[in-house]
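Here the structure is laid out as C-alpha cells; the discussion comes afterwards.
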Amino acid sequence: MLRVIGSRLVDAVPTILLVLTLVFITLRVLPGDPALVALGDYATAEQLALFRRQMGLDIPIWQQYFVFIWDMLTLDFGQSLINRTPVVQLIGENLPYTIELTLVATGMGLVTGIPLGVMAAVWRNRLPDTGVRLFSLVGYAIPDFYLGALLLIVFALNLGWFPINGGGTGFLDRMYHIFLPALTLAMVKSAFIGRLTRTSLLEVLGRDYVRTARAKGAREPRVIFRHGLRNALLPITTGLGLSLLATLSGSVAIELVFNRPGIGEVLISAIAKRDYPVIQAGVVVFAFFVVLVNLLVDLAYSVIDPRIRVR
Amino acid sequence: MAVDREPVDFALPEEPRFAALHRLFAGRPATILAVVVVVLFVAVALLAPWIAPYDPLAQSYLRINAYPSAEHWLGTDQFGRDVLSRLLYGARNSLIFGLISPVLAAIVGTALGVTAGYFGGIVDRAATRVIDLLLAFPELLLAIMIAAALGGGFWNVVFVIAVAFVPGFARVARASTLAVKQEPYIEASVAVGLSTRRIIWRHVLPNISAPVVVLMTLWVASAIRLEASLSFLGIGTQPPQPSWGNIIRDGLGNIFGSPWPIIGAGFAITVVVLAFNVLGDAVRDLLDPETA
C-alpha cells in the first residue's frame, strides 16, 4: 500500500508542473496584458512600466517562467495590490471555509444520493425510479446559485430560520451558517450521485455472480448491498472525484450568494478589483486542488478494489 | 433442371419519409415538450425587440422594485427597469452564447482530436496528456480560471466557454478517429493513393460526425448554463447588458427590494437548460445508439 501511495505521489510531480505551465500560459502568454488588466485602460505608460517591474514582467518570458514555477512551488504568492496583505495569509484565512463547505456538501450529497440511487435501481421503472429520474433531470438543469438564492429568500429572508450571511464563529455557529449553502450544493450533487448509483448498480445486478448469489439463497438486502453496491462503488468513486471538484467550483458562486468568506469569494473580488497577485494565487490554488483530488481518487481506487494495487 | 425462383428484390425496404423525425418523437412526450420550449426560446430570442413591452435598459426612479402587475408582468428592479423585458433580451444573449461557443469548440476540438488520432506519435501523446489533464477540471472551474486571466467582454466570454469545451470534443474526435482509422475503407483509400487531406475530409470527418454532433447538442445546454454562471460571478456579460446570470446577480444585491428578477431569470435558465438536455438526450439516442 505504501508503495502505491509513493508511486502515485511521484506521478503527480510532472502533472503539477504541467498544470503550472498551463496556468502560466493562460496568465502570461495568451493575449491580455496583465499590467493592463491590473491597472485598467487608462493607466499611463510610466504606471504600466512600474507595475511590470514590480511584478517581474519586464524580464524575458522564459526567465519569468522559471521564476513563476519556483514562486508557486514555494508558495511565494507576493502581496495583495489593494492592502499589501501577504497573499498566503489571505488564502490561509479563507481556504478553511471553502474546504468546510465542500466537504459538508459532499457528505450530505452522498448520504442522500446513494440511497436514492439504490431505491431507483431496486424499484426500476416504478414510482421511486421515476421520482429519482425527475429529481436528477431538474438537478442537472437548475443553476446552483439560483437554487441557493431561492433557499436564501425562503428560509433566511422570509422564515428567518437561518442567517443571511457570514461564516460563523465556533463549531455550532459555523454548522448553523453552513447549512443552507451546503444544502444547495448537496441537492445538485445528490441528483448526480443518485443517477450514477442507479446506473452502476443496475449494471452490476445484471452480472452472473449476482445471479449465483441469489441462486444459493442469499437474502435480497445482502445481494444488493454486499454483492451489488460494493462492486458498484468503483464507478461511483470516479464520479465522486469529479463531483467533488464540481462542488468546489460551485462553491465560488454559493459563497457569493450567501456572502460567505472563502477562496472563491477571494478570487472573484480580486478579479473585480484587478488584484493581479491574488488572481494568480487563486487560480494556482484551484489548480492544485484538481491535482490533489485526482490523486486521492486514484488512491481510493486501490483501497476499494484490491485488484488495482497489483499492476 | 430449372427451378422456379421468386425474383430477389435487392432494394432495401423503403424508409418512410421523416422516419428519423418519427423515431425522435414517437412515444416521447417529454421530447415534444422540450422541442416546444426550445422553439419558444429561439422565437423569443429572435423577436425580443418586437415583443418586449419596454426598453430593457430604460430606468425610471418613479417605479423601482414594483411587484408584478398588469403593466409589468414580472415587476421592476431596483433601477425601475422592466424585468420581463430584460428576461426577453436575456434570452437573446443566452441563445448567442449557447450556439456560438459549442460550434467554435467543436471545430477546434475536432481539428485537434483528428490530428492527434490520425497522425499519432509524439503529437498524439502530448495532446492526450494535456487533454486528459484539462478534462480533470470541471468546465466551470476552467472557465473561471481563464476568465480571471482575460477579463469580461463578449468575445472573451465566447472564447472562455469554447476553451472549456475543447478538451471534451478533442477526446471524442480522437477516439472516433482511432476507430475509423482501423476500417478497411481507410486502408483502401491509402492504397489507391488518395492524399491525406482528401482522406481526412472525405472519409474520416463524415464518419466521426455523429458523436461530435451529439456532443454539440448536449453542450448547448452547458454553454447556456456556463454563460449564466460567469455572468452571475461578474466575469461574463457585463451590465447593463441583460443576461440571465447578471439579472440574478443584480437581484441578489437588491434581495430586500424584490425577489422577482431572481425568480424569473432562474426559472428561465432552468426550463431552457432542461429542454436542451432532454432534446440532446433524444438526439444522442437517435444518432449514436451505442452510447445511450
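Line by line, the protein sequences give chains A and B.
With the numbering used here applied, the first sequence closes on residue 321, and no number is skipped along the way.
With the numbering used here applied, the second sequence closes on residue 1759, and no number is skipped along the way.
Quick reminder that beta carbons are idealized off the backbone N, C-alpha and C, glycines included.
Taking the alpha-carbon of V128 of chain A as reference, which of A:N241, A:V98, A:W80 has the nearest alpha-carbon? A:N241
Distance, G1580 of chain B Cα to A1572 of chain B Cα: 12 Å
Going by DSSP, what residue range makes up the alpha helix (DSSP H) through N1713 of chain B? 1711 to 1720
Please compile the residues from chain B whose C-beta is within a distance smaller than 8 Å of the C-beta of S259 of chain A. P1605, L1607, L1608, I1611
Going by DSSP, what residues sit across from D1549 of chain B in a beta bridge? B:T1543
Residues near S90 of chain A in its chain [Cβ-Cβ closer than 7 Å; skip 5 each side]: V97, L100, D285, P287, V288
Taking all protein chains shown into account, decide if A1655 of chain B is buried (16 or more other Cβ within 10 angstroms of its Cβ) or exposed. exposed
Please confirm if the region 22 to 40 of chain A is in contact with the region 72 to 81 of chain A, defined as three or more CB-CB distances below 8 Å between the two stretches. yes
With respect to the alpha helix (DSSP H) encompassing L91 of chain A, which residues constitute its N-terminal and C-terminal limits? Run containing L91 of chain A: none; DSSP gives neither H nor E here.
Does the region 1617 to 1633 of chain B come close enough to the region 1545 to 1553 of chain B to have 3 or more Cβ pairs within less than 8 Å? no
Taking 8 Å as the threshold (beta carbon to beta carbon), is N304 of chain A in contact with chain B? yes
In whole angstroms, give me the CA-to-CA distance for L1682 of chain B and V1575 of chain B. 14 Å
Mind checking S1689 of chain B: buried by the 16 CB within 10 Å criterion, or exposed? buried
Does the beta-carbon of A225 of chain A have 16 or more other beta-carbons within 10 angstroms, so that it is buried, or is it exposed? exposed
So with CB distances below 8 Å, who are the chain B contacts of G292 of chain A? A1615
Tell me which residues of the region 230 to 253 of chain A have at least one Cβ-Cβ distance to chain B shorter than 8 Å, keeping chain order. L252
With DSSP collapsed to three states, give me the class of P1728 of chain B. helix
Label L1700 of chain B either buried or exposed according to how many other C-beta atoms from any shown protein chain fall within 10 Å of its C-beta, with 16 as the threshold for buried. buried
On the CB-based measure, 16 or more other CB atoms within 10 Å of its CB, does L1608 of chain B come out buried or exposed? buried
Can the beta-carbon of F1743 of chain B be found closer than 8 Å to that of V1687 of chain B? yes
Output yes or no for whether 8 Å exceeds the beta carbon distance between L193 of chain A and F268 of chain A. no
Report yes if the C-beta distance between H1539 of chain B and L1551 of chain B is below 8 Å; otherwise report no. yes
Does any CB atom of chain B fall closer than 8 Å to the CB of V148 of chain A? yes
Residue span of the alpha helix (DSSP H) that contains Y1521 of chain B, given as start and end: Unbroken run through Y1521 of chain B: none, as it is neither H nor E.
Rounded separation between P1709 of chain B and Q290 of chain A - CA only: 29 Å
For L277 of chain A and L266 of chain A, I'd like the C-alpha separation in whole angstroms. 11 Å
Can you find the residues in the same chain that come closer than 7 Å, C-beta to C-beta, to V303 of chain A, ignoring five residues on each side of it along the sequence? G251, L254, L255
With a CB to CB cut of under 6 Å and the five nearest residues on each side skipped, what residues in its chain are close to V214 of chain A? G238, N241, A242
Given a cut-off of 8 Å, decide if R1559 of chain B and A1512 of chain B are closer than it, judged by their beta-carbon atoms. yes
CB-CB under 7 Å to G88 of chain A, same chain, minus the five flanking residues each way: which ones, in chain order? V97, P287
Can you give the Cα-Cα distance for A280 of chain A and I92 of chain A, rounded to whole angstroms? 9 Å
What separation, rounded to the nearest whole angstrom, lies between the Cα atoms of L126 of chain A and E230 of chain A? 17 Å
What ranges does the alpha helix (DSSP H) occupy inside the region 1641 to 1712 of chain B, keeping only unbroken runs of at least 4 residues that lie completely in it? 1651 to 1658, 1672 to 1700
Span separating the alpha-carbon of R321 of chain A from that of G16 of chain A: Low confidence applies here, because R321 of chain A scores a pLDDT of 49, under 50, leaving its location unreliable; read the following figure in that light. Roughly 14 Å between the two C-alpha positions.
Using DSSP bridges, identify the partner residues of P1496 of chain B. Beta-bridge pairing links P1496 of chain B to no other residue.
DSSP three-state assignment for P96 of chain A, whether helix, strand or coil: strand
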